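S.K.: Numbering (mature numbering (1 follows the signal peptide of the UniProt record, and there is no 0)), first residue to last: -20 to -1, 1 to 137. By construction, the Cβ of each residue, glycine as well, lies at the ideal position given by its N, Cα and C atoms. Here the structure is a predicted model, which is why all the values come from computation and not from measurement.
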């Protein structure tokens, strides 16, 4: 009798999972199951790139900073492509700050990088405001939470 109860609970959980997947946007209109990350998951990834970009720039690890900036930019593009509700203008307005930071990284200019990073952060908040997500507020990070990563450049092994 207990086994039937467990089976029933398992079947119920599976059906609820299917419903949750359908509601989260992971099913395409074609009916084929294709994973599409939730927008919040994409934004969490972008937020991680944002903070890592800052600490790489502060440590003047320009190679890592360039990498994190590229990943951040790719995340924004993915979000715009996967979620039609994000206006193209929100992504394109981030182009100038990203390009400017890229130039500061290429010039290895820490002061310019720091100033432009603040502008990038303001751009994030402007996008959130325009999407009625003003309760999501980014700031220039003050503490380094990634104790498992070394940000200063290291010599070649």
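So what's residue 13 in DSSP terms, helix, strand or just coil?
M.R.: Looking at residue 13 - three-state DSSP - the assignment turns out to be strand.
S.K.: Quick one: what does DSSP say residue -3 is sitting in, helix, strand or coil?
M.R.: Note that residue -3 has pLDDT 39, beneath the 50 cutoff, so the model's placement of it is unreliable and the number below is only indicative. Residue -3: helix per DSSP, three-state reduction.
S.K.: Cβ of residue 32 within 9 Å of Cβ of residue 131?
M.R.: yes
S.K.: On the criterion of 16 or more Cβ atoms from any shown chain inside 10 Å, does residue 43 qualify as buried, or is it exposed?
M.R.: exposed
S.K.: Could you pull the start and end residues of the alpha helix (DSSP H) that residue 102 belongs to?
M.R.: 90 to 110
S.K.: Grab the span of the alpha helix (DSSP H) containing residue 28 for me, first residue to last.
M.R.: 19 to 38
S.K.: Take residue 98 as the anchor and find which of 89, 120 and 47 has the nearest alpha-carbon.
M.R.: 120
S.K.: What residue from 104, 71 and 51 has the CA that sits closest to residue 114's CA?
M.R.: 104
S.K.: Given this structure, state the Cα-to-Cα distance separating residue 81 from residue 107, to the nearest angstrom.
M.R.: 18 Å
S.K.: I need the DSSP call for residue 55, collapsed to helix, strand or coil.
M.R.: helix
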